[in-house]
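No gaps in the numbering here: position 111 of the sequence shown is 111 in full-length UniProt numbering, and each next residue is one more.
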Amino acid sequence: MLKGKAILVVEDEPMIAMVLDDLLTDLGCSVVGPAHNIAQAQSLIGTNTCDAAIVDLNLNGTMSHPLIEALIGKGVPVIVATGYGGSAPDLPSGCRVLAKPYTIEHVEQVLRACLPD
């Protein structure tokens with residue numbers, strides 16, 4: 001079900017972005033990005049089709065709510081990766097939360113929950 005799905009990765013920490021890229025690749029996904037800030041993410045959205053997005057909530061001190069809302073507006077399922085856990089502040093409805101630190105099982109579970117068969 002995940003094979004070939006294009007997943008946008010938006011993460012400001014290069015090491016975390018690299019690990020997430022590896023996890024998604026292991027799950028058979030195609031990685032779009034990673035983008036390290038909102039401007040890079042917006043550029044990628046403009047030139048790529050994404051089946052879902054995994055977006056860090058806090059990008060170098062900038063909350064990613066505008067990006068999350070833009071993705072939702074385009075019909076892209078959004079998974080918010082955050083160290084805030086299940087109590088992430090003021091997320092738009094419809095987002096799924098991926099609490100850091102996460103495992104490949106967590107990533108797979110949340111992707112399967114938001115992507116249609």
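Beta carbons: idealized from backbone N, C-alpha and C, even for Gly. All figures in this text were calculated on a predicted structure; none of them were measured in a lab.
Just the C-alpha distance for residue i and residue j, rounded to the nearest angstrom, thanks.
i   : j    : result
I38 : C50  : 16 Å
M15 : D22  : 11 Å
L20 : E105 : 12 Å
G4  : G28  : 6 Å
A17 : Y84  : 18 Å
L8  : T25  : 12 Å
T47 : T62  : 23 Å
P66 : V76  : 14 Å
What are the residues that DSSP puts in a beta bridge with residue i?
i   : result
P81 : The sequence shown places Ala at residue 81, rather than the Pro named in the question. Paired residues: D56 and L98.
T62 : L59
L8  : V32 and A53
What residues in its chain sit with their C-beta under 8 Å from that of residue i, if we drop five residues either side in the sequence?
i   : result
M1  : R112, L115 and D117
E69 : P92
I'd like the list of long-range same chain contacts for residue i, defined as Cβ closer than 6 Å, with 5 residues on each side in sequence excluded.
i    : result
L71  : A53 and V78
T103 : none
What are the boundary residues of the beta strand (DSSP E) that includes residue i?
i           : result
A34         : Before going on, a small fix: residue 34 reads as Pro here, not Ala. Here the beta strand (DSSP E) through P34 covers S30 to A35.
residue 202 : Shown here, the chain extends from 1 to 117; a query on residue 202 therefore has no answer.
So, helix, strand or coil for residue i, using DSSP?
i   : result
V76 : coil
S93 : coil
Along the chain, where does the alpha helix (DSSP H) containing residue i start, and where does it finish?
i           : result
L2          : Looking at the DSSP string, L2 is not in any alpha helix (DSSP H), and its letter there is neither H nor E.
L44         : I38 to T47
residue 127 : Only positions 1 to 117 of the chain appear in the structure, and residue 127 is not among them; the question remains open.
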